[in-house]
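Read through the structure below, which is laid out as structure tokens, and then see the notes.
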Amino acid sequence: MARIGVVTFPGSLDDHDALRAVELCGAEAVPLWHASDSLSGVDAVILPGGFSYGDYLRCGAIARFSPVMTEVIDAANKGMPVLGICNGFQVLCESHLLPGAMIRNEQRHFVCKDQRLRVESSDTVWTCDFAAGDEITIVLKNGEGNYQADEETLKRLEGNNQVVFRYIDGNPNGSNHDIAGITNHRGNVVGLMPHPEHNVEELTGPSLDGRKFFSSVLGFLGSRV
Ligand SMILES: NC(=O)CC[C@H](N)C(=O)O
26 MARIGVVTFP
36 GSLDDHDALR
46 AVELCGAEAV
56 PLWHASDSLS
66 GVDAVILPGG
76 FSYGDYLRCG
86 AIARFSPVMT
96 EVIDAANKGM
106 PVLGICNGFQ
116 VLCESHLLPG
126 AMIRNEQRHF
136 VCKDQRLRVE
146 SSDTVWTCDF
156 AAGDEITIVL
166 KNGEGNYQAD
176 EETLKRLEGN
186 NQVVFRYIDG
196 NPNGSNHDIA
206 GITNHRGNVV
216 GLMPHPEHNV
226 EELTGPSLDG
236 RKFFSSVLGF
246 LGSRV
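To convert a position in the sequence shown, counted from 1, into our numbering, add 25.
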């Protein structure tokens with residue numbers, strides 16, 4: 026059975042939902058601690074949502090220096106699947122595993138809503154069960170989700186098909202090019218602001234669209250073994 030680790034930083038909020046989603050989708054969920062220098066032999070890592078280190082300095086700026094991140098960066102550079110959800114996406118940008126940066130939402134307040142997205146790329150280990158062009162609904166909840174990158178970086182992301190998710194039916198936070206999620210060149214590291222781990226059960230809704238993130242990576246790991 027594939028083993029997927031979920032890192033808990035001081036101030037993480039959605040680590041338990043991520044662990045639960047991993048289990049619901051058929052993998053072994055492995056809690057990982059920010060101060061650890063081991064990934065406990067996991068096959069993939071999720072950096073969850075929340076307010077790591079109280080969002081001091083900038084969201085994700087302190088978490089990036091956690092001992093466990095040295096291991097995550099090393100494993101990601103060797104091809105391990107890594108998914109950063111919201112605060113996790115912010116940590117991935119601060120770690121330079123993904124380009125660009127997040128600033129305060131354009132309207133200067135926290136946004137919490139069911140967000141429509143278009144899947145732009147199924148060429149990543151976390152989205153291979155989607156088809157490019159699929160439209161999905163995933164919960165969005167953050168204060169600093171406004172994705173910014175310089176023109177050259179945006180051009181490169183668009184040209185290499187590294188924009189994975191785009192906001193549709195309105196841009197909720199001012200992100201450049203309506204970007205909701207991106208991947209690295211290799212397609213093993215994905216970061217997005219909306220929360221797939223909250224969209225895996227009928228009871229809580231608003232969709233089951235989050236399940237495909239987990240089935241995608243399980244398929245990838247299965248085919249790799
Ligand atoms: N839901 C989250 O992960 C929140 C991320 C971050 N703390 C923000 O407010 O932007």
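Don't be surprised by glycine CBs; every beta carbon is placed ideally from N, CA and C.
Neighbour-count burial assignment, residue i, 16 or more Cβ in a 10 Å radius
i           : result
residue 250 : Its pLDDT being 41, under 50, residue 250 is placed unreliably in this model, and the value from its coordinates should be taken loosely. So residue 250 counts as exposed.
residue 90  : exposed
residue 135 : exposed
residue 78  : buried
residue 216 : buried
residue 81  : exposed
residue 176 : exposed
residue 27  : buried
residue 65  : exposed
residue 60  : exposed
residue 21  : Here the chain covers residues 26 to 250 and nothing more, so residue 21 does not appear.
residue 147 : buried
residue 233 : exposed
residue 92  : exposed
residue 118 : buried
residue 62  : exposed
residue 194 : exposed
residue 180 : exposed
residue 75  : buried
residue 30  : buried
residue 104 : exposed
Integer Cβ distance of residue i from residue j, believed to fall under 8 Å
i           : j           : result
residue 144 : residue 223 : With 8 Å as the limit, residue 144 and residue 223 do not qualify as a contact, their Cβ atoms being about 17 Å apart.
residue 166 : residue 220 : 7 Å
residue 149 : residue 230 : The Cβ separation is near 25 Å, so there is no contact.
residue 33  : residue 58  : 6 Å
residue 214 : residue 55  : Their Cβ separation, rounded to whole angstroms, is 19 Å, which puts residue 214 and residue 55 out of contact at 8 Å.
residue 162 : residue 125 : At roughly 24 Å, the Cβ-Cβ gap does not stay under 8 Å, so residue 162 and residue 125 are not in contact.
residue 202 : residue 188 : 7 Å
residue 243 : residue 50  : 7 Å
residue 159 : residue 241 : Not a contact, Cβ separation roughly 12 Å.
residue 184 : residue 46  : With 8 Å as the limit, residue 184 and residue 46 do not qualify as a contact, their Cβ atoms being about 32 Å apart.
Residue i: CB within 7 Å of a non-hydrogen atom of ligand 3
i          : result
residue 45 : The model depicted lacks ligand 3 and carries ligand 1 instead.
Any C-beta of chain C under 8 Å from that of residue i
i           : result
residue 107 : Looking for chain C here will not work: only one protein chain is present.
Should the region 161 to 172 be regarded as contacting the region 121 to 137, the criterion being three or more beta carbon pairs within less than 8 Å? The region 161 to 172 vs the region 121 to 137: in contact.
I'd like to know if the region 111 to 125 and the region 69 to 88 are in contact, where contact means that at least 3 CB-CB pairs between them fall below 8 Å. yes
Does the region 131 to 143 come close enough to the region 96 to 104 that 3 or more CB-CB pairs lie under 8 Å? no
Start-end ranges of the beta strand (DSSP E) lying completely within the region 144 to 191, minimum 3 residues: 160 to 167, 171 to 173
Which residue spans inside the region 96 to 150 form an unbroken alpha helix (DSSP H) run of at least 4? 112 to 119
For the structure I just gave you, are there three or more beta carbon pairs, one from the region 203 to 210 and one from the region 220 to 236, closer than 8 Å? no
With three or more C-beta pairs closer than 8 Å as the rule, is the region 63 to 79 touching the region 30 to 43? Three or more pairs of CB atoms, one per stretch, sit closer than 8 Å, so the region 30 to 43 contacts the region 63 to 79.
At 3 residues or longer, and completely inside the region 221 to 249: list those beta strand (DSSP E) runs for me, N to C. none
Could you name the residues whose beta carbon sits closer than 6 Å to any heavy atom belonging to ligand 1, keeping them in chain order? 74, 75, 76, 80, 84, 111, 112, 166, 167, 168, 169, 170
Which ranges would you report for the beta strand (DSSP E) in the region 28 to 99 if only whole runs of at least 3 residues count? Listed in chain order, they are 28 to 33, 53 to 58, 69 to 72.
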